[in-house]
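Below is one structure, written out as structure tokens; comments come after it.
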Amino acid sequence: MAVADFIISLLTFISIYSLFGIGLNLKFGFTGLIDFGHVAYFMIGAYVTVVLTMPAGAAGYSGIGGFALPAIFSALGPLGSLFGWILGVLGGMIAAAIVSLAVGIPTLRLREDYLAITALGIATILTTVVNDEEWLFNGPFGINTVHSPLRDVFPVSVGSFTLNMVVFGALSIAVFAFTGYWLVRVFQRQGRRGKLILGVLVPLIAVWYFVLPTLSGGMVELTRNTLWLFDPTAGPNGGIDYDRFILLVSVAALGGGYWLTERTINSPYGRILRSIREDEDVPRALGKETFQYKLQALMLGSALAGAAGALWAINIGFIAPDQFAATITFYAFTAVIVGGTANNKGVILGTAFFWGIRNGTRFIDVPSQYSIQLAAARLMLIGLVLILILYYRPEGLLGEQDYDIPLPSRNTSGGTDDV
Amino acid sequence: MSEQDTPSSKPDATETNSRATGGCGDPILRIQGVTKQFGGITALDGVDLTVDPGITGLIGPNGAGKTTLFNCLTGFHKPDDGQISLYETDITGKEPPTIAQQGMVRTFQIPRELADMTVFENLLLAPMNQHGERLLASWVRGEQFVEEEQTIRDRAREIAAFFELDHLLNEPAGSLSGGQRKLLEIARALLTDPDIVLLDEPLAGVNPTLEQKILSRIEDLVEDGYSFLLIEHDIDLIMDNCERVVVMHQGAVLTTGPPEEVQSDERVIEAYLGGDNV
């Protein structure tokens, strides 16, 4: 497998878990709600979306549905089918939000530590119910008839092999160019330590991505890694394959979730959420119905987790209850804390960091008798990094983000204010 | 506007349709038989009191029940018995946000600034029923959102200047001095456009210069139509600045009246002031 294929798989993973983490950050980072049961909404989003989009009477499935929403709209063509899948995702998000509403009404009046432990208990109950009640979602056998949107359309080819290579290659290079431009800007804004870290890390990654594969696989590998969007083995003339499409969908969903959360936080609404985190009595004394805001933050964060679950289902192609263990929530907490609590960019950085170590170290070539030790060492490394960050930089790598509500400038005052 | 000017005059109570309202000169608060127990301790033992417009001082020895009364008035504690009315509206046992929306807000004995938020954000949080406090409005951001946010920012700057906090707007509230935190709390309470503000020891730990500034600010605000119920331990300060004084002792109201009358009440001297103080 070319490094590019691994990176595509890793980036898809990171995008999905970042969306999951952004939902958690809205609850925990911005509103101060410790939801140890966040994975439950990931599971609900995945299951409900899959059941709403899969065909009825699928072999080996004895649960509710499926409701075949994409098939219902397929008369309108591939876009109709895609619309049906999007409706399914929305259904998954709404289901996650509704369940979180039901969980939130009795639990959000609890003190934060009780809330945390109650949420964990409820999530465990939900996972157990899905596992034990076969009539619901097929119990422990899971669902392997996950609908993959636009699956039939891929691989997409725009013409001859050369044309495909040029078009998708140009797009690939454009992404590299944008990333390079962004890295230069980030580098310029950094202090001495930041410049040093970036100055070491970026060339190392570049050597790992471009130079090492070239040394082992020659120019073919270099080409494949450079023109990463172009898959020469996808169809007779090459093109863009389904995995790359899922990456783009996941990145777009992450972008949407990021935008929505930023919009929410950088507003008077967000001010109330943050005041609840700081000291709930203060907004209450100022006439804010904080319970409703906590409930809404819980629902919105859970809906984002639900969307992440829907994407996760199509990425993996199979869902079962044992995939939604409580550890997934704690992975997300680790990512949020490492990147910077109450910082959406920090969540993405923390998630990349966490899954980069967890999945990236699989490339390390060790004798098979040491593979178990490697898996343990991987978790130890993550734990060690977490401890070091909590000790030396408790606010996380990026710290809490800045807030701003941009307003159109006025003649009298001009500009915008940081608020 | 200079920093010595008062901020925008208080909006007419009749303009705020959800508010408890009353005629000019009517008591703002009526408290009848309010009782509150914590386990075997009776913190409030049938408190009867009316609070008129203006500045009312509330004094009493430690443990007299002053802060518990504040907590009951503002909904942070539910009274076991009795009735509290804000103008003609019964607010007994209502939740704090409901009572604040009715026009009664409070500050806390130990200032509770939102430490990680800026001074400006602390102030911007306060105005009631902001359009942008709705989730959908925060996403869509129409004309009303922009105009209201601009107005609120102007008001927050104005009141920050009034309390001499304008040079600290972008600082985290946690970095303010003790006195500045007290000012921030009062400023934040006033931005809700209340009818009455309950100030719990706003002058404790404040240096004399700042103390006089706070008092003169409060007097200016009273002229603008705001009323204050003020807990304070400095008797001279209460006697010099309040139109009416309430003395609490052992969970009940010992006496109420003009400062000079209260000062010469023998029960008050016995319970609180001490013979040598008068």
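So the protein sequences, as listed, match chains A and B.
Residue 222 in UniProt numbering is what sits at position 222 of the first sequence, and the numbering runs on without skipping anything.
Residue 102 in UniProt numbering is what sits at position 102 of the second sequence, and the numbering runs on without skipping anything.
For glycine and all other residues, C-beta sits at the position ideal for the given N, C-alpha and C.
Just so you know, these numbers come straight off a predicted model, no measurement behind them.
- The C-beta distance from A/L260 to A/A297 rounds to 13 Å, too long to meet the 8 Å contact threshold.
- Going by beta carbons, A/V146 and A/G317 fall inside the 7 Å limit.
- A Cβ of chain A is located within less than 7 Å of the beta carbon of B/S138.
- As computed with DSSP, A/P213 is found in no beta bridge at all.
- Neighbours of B/T192 across chain A, judged by C-beta separation under 8 Å: L286 and G287.
- Separation of B/T67 and B/L199 (C-alpha to C-alpha, rounded to the nearest whole angstrom) is 10 Å.
- For the pair B/I55 and B/F228, the CB atoms are nearer than the 7 Å cut-off.
- Beta-bridge annotation (DSSP): B/M248 is paired with B/V253.
- Rounded to whole angstroms, B/T107 and B/V197 show a C-alpha spacing of 8 Å.
- Against A/D279, the close residues of chain B are R112 and L114, in the order they occur along the chain (beta-carbon pairs closer than 7 Å).
- At a cut-off of 7 Å between beta carbons, B/R106 contacts chain A.
- The Cβ of A/Q401 sits no closer than 7 Å to any Cβ of chain B.
- When C-alpha distances from A/F291 are compared across A/P55, A/R109 and A/F354, the shortest belongs to A/R109.
- A Cβ of chain B is located within less than 7 Å of the beta carbon of A/Y269.
- Per DSSP, B/Q130 lies in no beta strand (DSSP E) and is assigned neither H nor E.
- DSSP places A/I105 in the helix class (H, G or I) of the three-state scheme.
- Taking a contact to require three or more Cβ pairs closer than 8 Å, the stretch 76-92 of chain B and the stretch 165-175 of chain B do not qualify as touching.
- Judged by DSSP in its simplified three-state form, B/S177 adopts coil rather than helix or strand.
- A/A97 sits close to A/S302, with the two beta carbons spaced by under 7 Å.
- A/A313 places its beta carbon 7 Å or farther from that of A/F20.
- Excluding five sequence positions before and after A/V282, the CB atoms of its chain that fall closer than 7 Å to its own CB belong to S275, given in chain order.
- Proximity of chain A to B/Q83 at the Cβ level (cut-off 8 Å) is not reached, the minimal Cβ distance being about 22 Å.
- Taking the Cα of A/F28 as reference, the smallest distance to any Cα among A/A58, A/L390, A/V347 and A/L69 is reached at A/V347.
- If the five residues before and after B/I31 are omitted, its C-beta is found closer than 6 Å to the C-beta atoms of V47, L49 and I84, all from its own chain and listed in chain order.
- Neighbours of B/A126 in chain A, taken as residues whose beta carbon is under 8 Å from its own, are L286 in chain order.
- In the DSSP assignment, no residue is bridged to B/T209.
- Contacts with chain B at 7 Å (Cβ-Cβ) do not include A/R185.
- If you look at B/D154, you'll find it in the alpha helix (DSSP H) that goes E143 to F162.
- Boundaries of the alpha helix (DSSP H) harbouring A/G255: Y242 to I265, taken from the DSSP string.
- Counted as a single uninterrupted DSSP element, the beta strand (DSSP E) harbouring B/G57 occupies residues I55 to I59.
- Secondary structure of A/F73 (DSSP, three-state): coil.
- Only V146, E149, Q150 and R153 from the stretch 146-167 of chain B bring a Cβ to less than 7 Å from some Cβ of chain A.
- One thing to note: A/G257 has its Cβ within 7 Å of the Cβ of A/L304.
- Distance from the CA of A/K345 to the CA of B/P259, rounded to the nearest whole angstrom, comes to 59 Å.
- Taken through DSSP and simplified to helix, strand or coil, A/M165 comes out as helix.
- Taking a C-beta distance under 7 Å as the contact criterion, A/V338 and A/I265 do not qualify as a contact pair.
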